[in-house]
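Engineer: I'd like to ask some things about the structure below.
Number of protein chains: 2
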Amino acid sequence: MKTDLDPAIAARLKRTPDGLVAAIVREHDTGDVLMLGWMDDEALHRTLTTGRATYWSRSRQEYWVKGATSGHHQYVKSVALDCDGDALLVTVEQVGAACHTGEHTCFHTELPVTGGERR
Amino acid sequence: MKTDLDPAIAARLKRTPDGLVAAIVREHDTGDVLMLGWMDDEALHRTLTTGRATYWSRSRQEYWVKGATSGHHQYVKSVALDCDGDALLVTVEQVGAACHTGEHTCFHTELPVTGGERR
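Line by line, the protein sequences are chains A and B.
Per the numbering used here, the very first residue in the first sequence carries number 114; after that it's consecutive.
Per the numbering used here, the very first residue in the second sequence carries number 114; after that it's consecutive.
Structure representation (structure tokens):
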């Protein structure tokens, strides 16, 4: 996919075998972790230049702008890249629910931690 | 890789082409997003049953227990799976710096957001 992403940024990305980096989405006002999306170079370019969080859908194999159908828009406040280039921290103003289920965040299935030194 | 991960959990995971889910690591006390790691089924199993955050290193192609060499341990408080099974939110007590650079978090490169309706 041809993209206009700044080559200096593109050179720092460390992608999955299918060309994606993980985008952690955090709510600006609360600090809550809302969801994880996936971005290829072009999705990152669109996110940075439009101020609207844009992802690559692994299931549908297409770009999607968060909120385009649901109205649950994400206005981008800031984007930070991590030290090894495989993850982004996208801070947004979230309109409505982040999760397609209607929940505030996508992380609503607790897994049992059964062992260890829990201080 | 043979694993003893609960098959009911394994059945919910949606992995990258190389068999991994993204693990977002959040600090319990502050809510800060510290880093992103990768887990295959066995790394998740070890994390849940030992209470110590354990990842799969994509660069070294091996398991690593956070803090094993640095002393910067992560004691796991909770683990939540997201709605589509491709991401985990791991809440930890972090000892020392989360990033190998010595920074508190791994997200220390701000990217320019140049466009859009920033409210």
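Even glycine gets a Cβ: it sits at the ideal position worked out from N, Cα and C.
Where does the unbroken alpha helix (DSSP H) through residue 157 of chain B begin, and where does it stop?
Structural biologist: 154–163
Engineer: Among B:200, B:213, B:184, B:190, which residue has its Cα nearest to the Cα of residue 206 of chain B?
Structural biologist: B:190
Engineer: Should the stretch 137–147 of chain B be called in touch with the stretch 211–221 of chain B, which here means at least 3 C-beta pairs below 8 angstroms?
Structural biologist: Short answer: they touch.
Engineer: Indicate whether the contact test is met: 3 or more Cβ pairs, each with one atom in the stretch 167–177 of chain B and one in the stretch 197–213 of chain B, closer than 8 angstroms.
Structural biologist: no
Engineer: Would you check if the distance between the CB atom of residue 223 of chain B and the CB atom of residue 193 of chain A is smaller than 8 angstroms?
Structural biologist: yes
Engineer: Going along the chain, which residues of its own chain have a beta-carbon closer than 8 angstroms to the beta-carbon of residue 214 of chain B, five neighbours each way excluded?
Structural biologist: 221
Engineer: Between which two residues does the alpha helix (DSSP H) carrying residue 121 of chain B extend?
Structural biologist: 120–123
Engineer: Verify the CB distance criterion: does residue 199 of chain A have a CB-CB separation below 8 angstroms to chain B?
Structural biologist: Yes, its Cβ sits closer than 8 angstroms to a Cβ of chain B.
Engineer: Using a 10 Å radius around the Cβ and a threshold of 16 neighbouring Cβ atoms, would you call residue 184 of chain A buried or exposed?
Structural biologist: exposed
Engineer: If I follow the unbroken beta strand (DSSP E) through residue 182 of chain B, where does it start and stop?
Structural biologist: Note, residue 182 of chain B: premise wrong, no beta strand (DSSP E); not H, not E.
Engineer: Could you work out which residues of chain A lie near residue 165 of chain B, taking near to mean beta carbons separated by less than 7 angstroms?
Structural biologist: Contacts between residue 165 of chain B and chain A, judged by CB atoms closer than 7 angstroms, involve 229 in chain order.
Engineer: Go ahead and pull the three-state DSSP assignment for residue 216 of chain A.
Structural biologist: In the structure shown, residue 216 of chain A falls within a coil segment according to DSSP collapsed to helix, strand and coil.
Engineer: Of the residues that make up the stretch 120–136 of chain A, which ones have a beta carbon closer than 7 angstroms to any beta carbon in chain B?
Structural biologist: 122, 129, 130, 131, 135
Engineer: Since residue 154 of chain B contacts residue 126 of chain B with CB under 8 angstroms, what's their CB separation in whole angstroms?
Structural biologist: 7 angstroms
Engineer: Bridge partners of residue 171 of chain B, per DSSP?
Structural biologist: Answer is none; residue 171 of chain B lacks a bridge partner.
Engineer: Once the 5 residues before and after residue 159 of chain A are set aside, which same chain residues still bring their CB inside 6 angstroms of it?
Structural biologist: 167
Engineer: Applying a beta-carbon distance threshold of less than 9 angstroms, which residues of chain B neighbour residue 191 of chain A?
Structural biologist: 223, 224, 226
Engineer: Determine, using beta carbons only, whether residue 164 of chain B and residue 132 of chain A come nearer to each other than 8 angstroms.
Structural biologist: no
Engineer: So, helix, strand or coil for residue 69 of chain B, using DSSP?
Structural biologist: This structure cannot settle anything about residue 69 of chain B, because the visible part of chain B is limited to 114 through 232.
Engineer: With H, G and I counted as helix, E and B as strand and the rest as coil, what does DSSP make of residue 190 of chain B?
Structural biologist: The answer is strand: DSSP assigns residue 190 of chain B an E or B state.
Engineer: Should residue 181 of chain B and residue 169 of chain B be called a contact, given that it needs their Cβ atoms to be closer than 8 angstroms?
Structural biologist: no
Engineer: Look up residue 149 of chain A in the DSSP assignment and say whether it is helix, strand or coil.
Structural biologist: Note: residue 149 of chain A maps to strand in three-state DSSP.
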